[in-house]
Amino acid sequence: MKEYTYTEKKDTRSGFGAGLLELGRTNPNVVALCADLTGSLKMDAFQKEFPERFYQVGIAEANMMGLAAGMTIGGKIPFTGTFANFSTGRVYDQIRQSIAYSGKNVKICASHAGLTLGEDGATHQILEDVGMMKMLPHMTVINPCDFNQTKAATIAIAEFEGPVYLRFGRPTVPNFTPADQKFEIGKAVMLNEGTDVTILATGHLVWKAIEAGHALAEKGIDAEIINIHTIKPLDNEAILNSVRKTKCVVTAEEHQLNGGLGDAVAQLLGRNLPTPLEMVGVNDSFGESGTPDQLMEKYGLNVESIVAAAERAISRK
Amino acid sequence: MNNVNPHNKSIDELKQVAAQVRRDIVRMVHAVNSGHPGGSLGCTDYFVSLYFRVMNYKAEPFNMNGEGEDLFFLSNGHISPVWYSTLARAGFFEVSELATFRKIDSRLQGHPATEEGLPGIRIASGSLGQGLSVAVGAAQTKKLNKDENLVYVLMGDGELEEGQVWEAAMYAAHHKVDNLIATVDRNGQQIDGSTEQVMSLGDLRAKFEAFGWHVLEADGNNFETLLPALQDAKEATRKGKPVMILMDTEMGFGVDYMMGSHKWHGVAPNDEQLEKALQQLAVEQASDY
Numbered sequence: 000m001k002e003y004t005y006t007e008k009k010d011t012r013s014g015f016g017a018g019l020l021e022l023g024r025t026n027p028n029v030v031a032l033c034a035d036l037t038g039s040l041k042m043d044a045f046q047k048e049f050p051e052r053f054y055q056v057g058i059a060e061a062n063m064m065g066l067a068a069g070m071t072i073g074g075k076i077p078f079t080g081t082f083a084n085f086s087t088g089r090v091y092d093q094i095r096q097s098i099a100y101s102g103k104n105v106k107i108c109a110s111h112a113g114l115t116l117g118e119d120g121a122t123h124q125i126l127e128d129v130g131m132m133k134m135l136p137h138m139t140v141i142n143p144c145d146f147n148q149t150k151a152a153t154i155a156i157a158e159f160e161g162p163v164y165l166r167f168g169r170p171t172v173p174n175f176t177p178a179d180q181k182f183e184i185g186k187a188v189m190l191n192e193g194t195d196v197t198i199l200a201t202g203h204l205v206w207k208a209i210e211a212g213h214a215l216a217e218k219g220i221d222a223e224i225i226n227i228h229t230i231k232p233l234d235n236e237a238i239l240n241s242v243r244k245t246k247c248v249v250t251a252e253e254h255q256l257n258g259g260l261g262d263a264v265a266q267l268l269g270r271n272l273p274t275p276l277e278m279v280g281v282n283d284s285f286g287e288s289g290t291p292d293q294l295m296e297k298y299g300l301n302v303e304s305i306v307a308a309a310e311r312a313i314s315r316k
Numbered sequence: 000m001n002n003v004n005p006h007n008k009s010i011d012e013l014k015q016v017a018a019q020v021r022r023d024i025v026r027m028v029h030a031v032n033s034g035h036p037g038g039s040l041g042c043t044d045y046f047v048s049l050y051f052r053v054m055n056y057k058a059e060p061f062n063m064n065g066e067g068e069d070l071f072f073l074s075n076g077h078i079s080p081v082w083y084s085t086l087a088r089a090g091f092f093e094v095s096e097l098a099t100f101r102k103i104d105s106r107l108q109g110h111p112a113t114e115e116g117l118p119g120i121r122i123a124s125g126s127l128g129q130g131l132s133v134a135v136g137a138a139q140t141k142k143l144n145k146d147e148n149l150v151y152v153l154m155g156d157g158e159l160e161e162g163q164v165w166e167a168a169m170y171a172a173h174h175k176v177d178n179l180i181a182t183v184d185r186n187g188q189q190i191d192g193s194t195e196q197v198m199s200l201g202d203l204r205a206k207f208e209a210f211g212w213h214v215l216e217a218d219g220n221n222f223e224t225l226l227p228a229l230q231d232a233k234e235a236t237r238k239g240k241p242v243m244i245l246m247d248t249e250m251g252f253g254v255d256y257m258m259g260s261h262k263w264h265g266v267a268p269n270d271e272q273l274e275k276a277l278q279q280l281a282v283e284q285a286s287d288y
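Those protein sequences? They're chains A and B, same order as listed. Under numbering that gives the first Met the number 0, think of the first position of the first sequence as 0, with each following residue one higher. Under numbering that gives the first Met the number 0, think of the first position of the second sequence as 0, with each following residue one higher.
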């Protein structure tokens, strides 16, 4: 099992803020909109340095999506910022009609996704956002795993023409991906080559998958671990190549099993390469208040669940 | 870089164009036995005024980004027949394409869309309440780009029941989006009845003024007063406030049996009714597609 090290834990939302600030300096067409959560989204540095390209929208997310769609007409690249819940479920129809169906070059940047939002509870812990966004034609869905990768993804989506949903979060997680690693949309990142089981992880579950890889190695299981930072378009080739070798799969995500990464992988395998599949995620329930760590434990989004899922998958070969 | 209106027609000529557009509308909805003639007929004079006199633009080749030209957005997308006919007559695409309205493989979707690449359309609309936000965003990009042209947007009056409209209204005033002329088609009708019966809109002038807008009122079915009102609206731009025209129209205007009733919101005329409508919509030289 390959060793990964990190010097500090950082939040992915700060990676977004850093990426946005860099874009402000390098791409004059980038504009930013925020619905009264500038500090939470780490957009304050951009706001301070580029006030003429920053739009405070107030608590009006539907309007924000329409504004962003309109701003693309004339060549601007709008980045919207609010919590993942208010970036998707609250404004689904606005995104569907004015952004996705209209093919507008809007970057929907969503923080505080999933259970790790923590104490605010289920009203704010959206676990359905990836599903909603990946169902929309034309939409690209990205869920990076750490600070560096979120920063790189933020910069990469500005170069890409088309609507993008970029999902990140609040807690600090190990910042282990190389700062200079280029972010390639739709291209999975191989973290560890193995032969016994393929573990496909996204977002905050990527580091837990690495930890699970070590735990499995101690049991004599050689896991292949892949970071699926882009859920749509899925890197079909990378997944199928791995599964042909290992012959069983585990997916891990901070999202409902319905509609998430596991769902997408099940569809891919069912159509192309039927294979035993185990899924780690939230199983058709809402979240609740608690610390991020408590919630991830209670809902089984942890190392033990990934290890157990891998053993189940192997036993089904 | 800056464009002018490519037609710049006189009032007499505008009346002829409007009659032709109304003929197109009733023929389009009759041909597929679906679509929305009532609001389309009511807003015909407004569309013809914009595209044949007021707005500065270039029809061909169509430029999605619209630099150096005025932009128009239709928020109440169900009145697509009047927009399609006006766009075709103004030179955005062949008039013969109107015959494909609402048919399979057409660029003229039931509600306006960009997906099929119809020239003149910059955003999909149909799900109500979204167009004002889009227009405000486009107007702010014009400001960033130092583009002196204006952004126009039309909404229905029933559409004002959607909350997003008021989010956008608050935002536009706060951010001083003063290169925008919004218009409400105040025909007083919606699907289930009159707006007063379904959801009374109250004093719209007072409401928009309270939101920080410069408000004008106009008769939308009379070129002699509509054109000066549109000129007044232009002159009210760039003074720190977004501009709103509350435009009174009669649903179904020009076809006597459709006028003033919500019943022709989304119903097409039958063969006999079509003939009657076309008799009433006479033009000196009809050029039906």
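Glycine is no exception: its CB is placed at the ideal position from the N, C-alpha and C atoms.
Less than 8 Å between C-beta atoms, sequence neighbours within five positions excluded: which residues of the same chain meet that for residue i?
{"i": "residue 263 of chain A", "result": "133, 230, 231 and 233"}
{"i": "residue 277 of chain B", "result": "22, 25 and 26"}
{"i": "residue 290 of chain A", "result": "117 and 118"}
{"i": "residue 193 of chain B", "result": "187 and 261"}
{"i": "residue 224 of chain B", "result": "217 and 218"}
Short of 7 Å in beta carbon distance, which residues of its chain neighbour residue i, apart from the five on each side in sequence? Order them along the chain.
{"i": "residue 105 of chain A", "result": "67, 68, 71, 77, 79, 98 and 162"}
{"i": "residue 163 of chain B", "result": "128, 129 and 132"}
{"i": "residue 300 of chain B", "result": "This structure leaves residue 300 of chain B out entirely; chain B is present only between 0 and 288."}
{"i": "residue 191 of chain A", "result": "0, 1, 212, 222, 223 and 224"}
{"i": "residue 82 of chain B", "result": "46, 73 and 111"}
Taking the DSSP output, what are the residues bridged to residue i?
{"i": "residue 213 of chain B", "result": "B:242"}
{"i": "residue 276 of chain A", "result": "A:248"}
{"i": "residue 223 of chain A", "result": "A:197"}
{"i": "residue 29 of chain A", "result": "A:76"}
{"i": "residue 10 of chain A", "result": "A:171"}
{"i": "residue 91 of chain A", "result": "DSSP output for residue 91 of chain A lists no bridge partner at all."}
{"i": "residue 231 of chain A", "result": "A:140"}
{"i": "residue 82 of chain A", "result": "A:110"}
{"i": "residue 192 of chain B", "result": "B:189"}
{"i": "residue 4 of chain A", "result": "Note: residue 4 of chain A sits in no beta bridge, so no partner."}
Considering only residues of the same chain and omitting the five flanking positions on each side of residue i, which have a CB-CB separation below 6 Å?
{"i": "residue 210 of chain A", "result": "302"}
{"i": "residue 254 of chain A", "result": "126, 129 and 280"}
{"i": "residue 282 of chain A", "result": "256"}
{"i": "residue 220 of chain A", "result": "195"}
{"i": "residue 112 of chain B", "result": "123"}
{"i": "residue 160 of chain B", "result": "198"}
Under the assumption that residue i contacts residue j (Cβ atoms under 8 Å), give the Cβ distance between them as a whole number of angstroms.
{"i": "residue 73 of chain B", "j": "residue 143 of chain B", "result": "Not confirmed; about 24 Å, so no contact."}
{"i": "residue 244 of chain B", "j": "residue 215 of chain B", "result": "5 Å"}
{"i": "residue 206 of chain A", "j": "residue 144 of chain A", "result": "7 Å"}
{"i": "residue 254 of chain B", "j": "residue 25 of chain B", "result": "7 Å"}
{"i": "residue 172 of chain B", "j": "residue 211 of chain B", "result": "3 Å"}
{"i": "residue 94 of chain B", "j": "residue 267 of chain B", "result": "Wrong, their Cβ atoms sit about 20 Å apart, outside the cutoff."}
{"i": "residue 300 of chain A", "j": "residue 215 of chain A", "result": "Residue 300 of chain A to residue 215 of chain A, Cβ: 17 Å. No contact."}
{"i": "residue 5 of chain A", "j": "residue 173 of chain A", "result": "4 Å"}
- Query: When you check each C-beta in the region 78–94 of chain A against every C-beta of chain B, which residues fall closer than 8 Å?
  - Reply: 92 and 93
- Task: Report the residues of the region 164–185 of chain B with a CB closer than 8 Å to any CB of chain A, ordered along the chain.
- Result: 166, 167, 169, 170, 173 and 174
- According to a CB-to-CB cut-off of less than 9 Å, which residues of the region 122–137 of chain B neighbour chain A? 122, 123, 124, 125, 126, 128, 129, 130, 131, 132, 133, 134, 135, 136 and 137
- Query: Looking at chain B, which residues of the region 8–39 of chain A have a Cβ within less than 8 Å of any of its Cβ atoms?
  - Reply: 30
- Chain-ordered residues of the region 131–165 of chain A with a beta carbon less than 8 Å from chain B: none
- Pick out the complete alpha helix (DSSP H) segments inside the region 124–178 of chain A, 4 residues or longer, and give them in chain order. 128–134 and 146–158
- Task: Can you give me, in chain order, the residues of the region 49–68 of chain B that have a beta carbon less than 9 Å from any beta carbon in chain A?
- Result: 63, 64, 65 and 66
- Tell me the start and end of each unbroken beta strand (DSSP E) in the region 134–175 of chain B that is at least 3 residues and wholly inside, in chain order. 150–155
- Task: Could you name the residues of the region 101–122 of chain B whose beta carbon sits closer than 8 Å to any beta carbon of chain A, in the order they occur along the chain?
- Result: 112, 113, 114, 121 and 122
- Task: Scan the region 143–161 of chain B for residues whose Cβ lies nearer than 8 Å to a Cβ of chain A and list them as they occur along the chain.
- Result: 143, 144 and 146
- Item | Within 7 Å of chain B by C-beta, residues of the region 226–252 of chain A in sequence order | none
- Would you mind listing the alpha helix (DSSP H) stretches within the region 29–65 of chain B that are 4+ residues and don't spill past its ends, in chain order? 36–41 and 43–48
- Item | Residues from the region 62–74 of chain A in contact with chain B, defined by Cβ distance under 9 Å | 62, 63, 64, 65, 66, 67, 68, 69, 70, 71, 72, 73 and 74
- Message: At a CB distance below 8 Å, what residues from the region 15–29 of chain B approach chain A? Give them in sequence order.
- Response: none
- Near-chain A residues of the region 79–94 of chain B (beta-carbon distance less than 8 Å), N- to C-terminal order: none
- Quick one, which residues of the region 261–273 of chain A are near chain B if we go by CB-CB under 8 Å, in chain order? none
- Task: Can you give me, in chain order, the residues of the region 235–261 of chain B that have a beta carbon less than 8 Å from any beta carbon in chain A?
- Result: none
- Message: Against chain B, which members of the region 50–61 of chain A pass a CB distance test of less than 8 Å?
- Response: 51, 52, 54, 56, 57, 59 and 61
- Item | Uninterrupted alpha helix (DSSP H) stretches inside the region 250–313 of chain A (no shorter than 4 residues) | 260–271 and 291–297
- What residues in the region 93–116 of chain A have a beta carbon less than 7 Å from any beta carbon of chain B? 93, 96, 97, 100, 101 and 102
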